[in-house]
Amino acid sequence: MKKLNYDIVVVGGGPAGSMTAWRAAKAGAKVLMIEKRQEIGSSLRCAEGISHKGLYKVGITPDPKWVSTEVAGARLVSPGGHLLQIDEKSAGNEVGMVLERHMFDKYVASEAARAGAEIMLKTSAVDVIKENGKVTGVKAVSYGEPLTIKAGCVVAADGYESQVARWAGIDSTLKPTDITTCFQYRMTNIKHVQDYCEFIIGSAAPGGYVWIFPKGGDTANVGIGVMLSKLKKPGEVKGYLDKYIAKDPRLNCGQPVEAIAGAVSISPPLEKCIADGLMIVGDAARIIDPITGGGIANGLLQGMHAGNVLGRCAQAKDFTEANMQEFEDLWRKDMENRLWRNWMAKEKFVTLSDKTLDSVIQTIAEVGVEKVTVYNLLMAIKEKHPELVKEFEEFL
Amino acid sequence: MIVSIEKCMHCGACVGSCPQNAIYLNEIVLVFNDKCNRCGRCVKTCPVGAITMEAKK
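Residue numbers (this note's numbering), protein chains in the order written: chain A, 5 to 400; chain B, 125 to 181.
This is the structure:
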């Protein structure tokens, strides 16, 4: 069997994996990134929204080659049609521009390659190699041929599937209330609002929302996420979206040009993202925002920290958990509190009826929240509906 | 478990949702290993209803 040797092997060529590979290679490490699919950035499993800040934080300048369209902010629509319009700077990590992920993912991977990382496509990890309790590589299949890849550190960037971490003994299993199942069409010939990302909440998408993310002109990503615990029949998610589109006059005149499926975690982050010879990043580390379901910005930022720390570890040839602790400290400082708070807020919001959601959105629109962060949302609701926020008073 | 190749969109939703880590998706082929305890979570998770549970023998 063919054997390869690297400082670092990154499993998964999404934004978090490519960012890790980029930074680690830039710091001089010998890096291999493997991607099981035949094309980086495909197939798409994303609504593609990100804020300008999300890119700025990791030193990426927006490029028209992979920015599909710029948006001014977000529109939150309640079940009864009450509208809350929020500008970009208040709307969080996912609103500001809509990417062309087919191109964006290739851009980040290309930067990794330019920094010296090697990339193998159609190469999928099938197990981790462990020696004396330490992860020392992965077993893979590349273009159908078995392959052993030994490495000082394996980076699990394998997305929602999160199999590498589990093979290595770190439990990333999710509860049914922490899973959102999704379906999305790229629709064309529709009459949506072209400069705002729209989120429609309530029983149209139980425990989740319907989204309309503009892709320029008369085209948009129209998708839905429904909480797994609220699903009763197989294939129900696609049914919910079809039903919504049929009754929205802006959408039922349109046609799909692409259909995608997927799932996202809406859980707290993993308690531990490192072990001897192992680092977990991106969706695999469960760092998706539990309220928005967005993960590109978090994945990029966490990947940047991972790559920087791994670059240092590679120089010392020391990939022990103790030496990688800096990675945990850095990314948790950036986002852990927010992820936990948003998870708790999600746990509450999914229990609200359409009537309450109408009242809440109306309240906030009236109060005129300047900066609609989850914290400010809760404060505004508290004023008119103290009974709704009792359970997480301590966060306020 | 039975996978409909006509319905499956190779998205991996079932893989990440499986409590036993018993499903493997190699680009387009979905394979269940013997850790599968027929809990049925994948059946509900699949956005397009591509997975069904075969009747017990």
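Each residue gets a CB set at the ideal place from its N, CA and C atoms; glycine is no exception. In this text, all values refer to a predicted model and were calculated from it rather than measured experimentally.
{"Item": "Quick one: does Cys135(B) have its CB under 8 angstroms from some CB of chain C?", "Value": "Given the protein chain composition of this structure (A and B), no chain C is represented."}
{"Item": "Does the beta-carbon of Val158(A) have 16 or more other beta-carbons within 10 angstroms, so that it is buried, or is it exposed?", "Value": "buried"}
{"Item": "Can you give me the Cβ contacts of Met107(A) inside the same chain, cut-off strictly under 8 angstroms, excluding the 5 residues immediately before and after it?", "Value": "Gly45, Lys69, Trp70"}
{"Item": "When we look at the beta-carbon of Asp67(A) and count the other beta-carbons within 10 Å, is it buried (16 or more) or exposed?", "Value": "exposed"}
{"Item": "Under 8 angstroms, with one C-beta from each stretch per pair, do the segment 188-204 of chain A and the segment 160-172 of chain A reach the 3-pair mark?", "Value": "no"}
{"Item": "What's the C-alpha gap between Thr223(A) and Met308(A)?", "Value": "32 angstroms"}
{"Item": "Classify Arg49(A) as buried or exposed, calling it buried when 16 or more other Cβ atoms lie within 10 Å of its own Cβ.", "Value": "buried"}
{"Item": "Report the three-state DSSP secondary structure of Ile133(A) (helix, strand or coil).", "Value": "strand"}
{"Item": "Under 7 angstroms Cβ to Cβ from Phe187(A), same chain only, skipping five residues before and after it: list those, please.", "Value": "Gly227, Ile228, Val241, Lys242, Leu245, Ala265"}
{"Item": "Under DSSP, the beta strand (DSSP E) around Met231(A) begins and ends at which residues?", "Value": "224-231"}
{"Item": "Please compile the residues from chain A whose C-beta is within a distance smaller than 9 angstroms of the C-beta of Glu151(B).", "Value": "Lys40, Arg41, Gln42, Lys126, Ser128"}
{"Item": "Check distances from the C-beta atoms of the segment 169-194 of chain A to those of chain B and list, in chain order, the residues that come in under 8 angstroms.", "Value": "Arg170, Trp171, Thr177, Leu178, Pro180, Ile183, Thr185, Cys186, Phe187"}
{"Item": "Return the chain-ordered ranges of every alpha helix (DSSP H) run that is complete within the segment 31-97 of chain A and spans a minimum of 4 residues.", "Value": "56-60"}
{"Item": "Please classify Tyr60(A): is it buried, with 16 or more other beta-carbons within 10 angstroms of its beta-carbon, or exposed?", "Value": "exposed"}
{"Item": "Could you confirm whether any beta carbon from chain A is found closer than 8 angstroms to the beta carbon of Asn145(B)?", "Value": "yes"}
{"Item": "Assuming Met283(A) contacts Ala310(A) (C-beta within less than 8 angstroms), just tell me the rounded distance between them.", "Value": "6 angstroms"}
{"Item": "With the cut-off set at 8 angstroms, would you say Lys30(A) and Ala119(A) are in Cβ contact?", "Value": "yes"}
{"Item": "Go to Ala263(A), then tell me how far its beta strand (DSSP E) extends in each direction, as first and last residue.", "Value": "259-269"}
{"Item": "What does the alpha-carbon distance come out to for the pair Glu325(A) and Asn97(A)?", "Value": "30 angstroms"}
{"Item": "Exposed or buried, which one is Val153(B) when buried takes at least 16 other CB atoms within 10 Å?", "Value": "exposed"}
{"Item": "Please confirm whether Ala121(A) and Met37(A) have their CB atoms less than 8 angstroms apart.", "Value": "yes"}
{"Item": "Use the C-beta contact count for Leu178(A): other C-beta atoms within 10 angstroms, 16 or more gives buried, fewer gives exposed.", "Value": "buried"}
{"Item": "Could you name the residues of the segment 262-278 of chain A whose beta carbon sits closer than 8 angstroms to any beta carbon of chain B, in the order they occur along the chain?", "Value": "Ala263, Ile264, Ala265, Gly266, Ala267, Ser269"}
{"Item": "Please classify Thr185(A) as buried or exposed, where buried requires at least 16 other C-beta atoms within 10 Å of its C-beta.", "Value": "buried"}
{"Item": "Determine the DSSP secondary structure at Ile365(A), reduced to helix, strand or coil.", "Value": "helix"}
{"Item": "Label Asp158(B) either buried or exposed according to how many other C-beta atoms from any shown protein chain fall within 10 Å of its C-beta, with 16 as the threshold for buried.", "Value": "exposed"}
{"Item": "Closest to Phe331(A) by C-alpha separation, out of Leu305(A), Lys352(A), Ala349(A), would be which residue?", "Value": "Leu305(A)"}
{"Item": "Out of Tyr200(A), Ser72(A), Ala318(A), Tyr379(A), state which residue places its alpha-carbon closest to the alpha-carbon of Gln24(A).", "Value": "One detail in the question is off: residue 24(A) reads as Thr in this sequence, not Gln. Checked all of Tyr200(A), Ser72(A), Ala318(A), Tyr379(A); the closest Cα to Thr24(A) is Ala318(A)."}
{"Item": "Which residue from Gly299(A), Met383(A), Ala384(A) puts its Cα closest to that of Met55(A)?", "Value": "Reading off the sequence shown, one finds Ser at residue 55(A), where the question assumed Met. If we check each option's Cα against that of Ser55(A), Gly299(A) comes out closest."}
{"Item": "Relative to chain A, which residues along the segment 163-180 of chain B have a C-beta separation below 9 angstroms, given in chain order?", "Value": "Arg165, Val167, Lys168, Thr169, Cys170, Pro171, Val172, Gly173, Ala174, Ile175, Thr176"}
{"Item": "Lys40(A): which of Val15(A), Gly63(A), Arg27(A) sits nearest, CA to CA?", "Value": "Val15(A)"}
{"Item": "I need the straight-line Cα distance from Gly297(A) to Ile291(A), nearest angstrom please.", "Value": "10 angstroms"}
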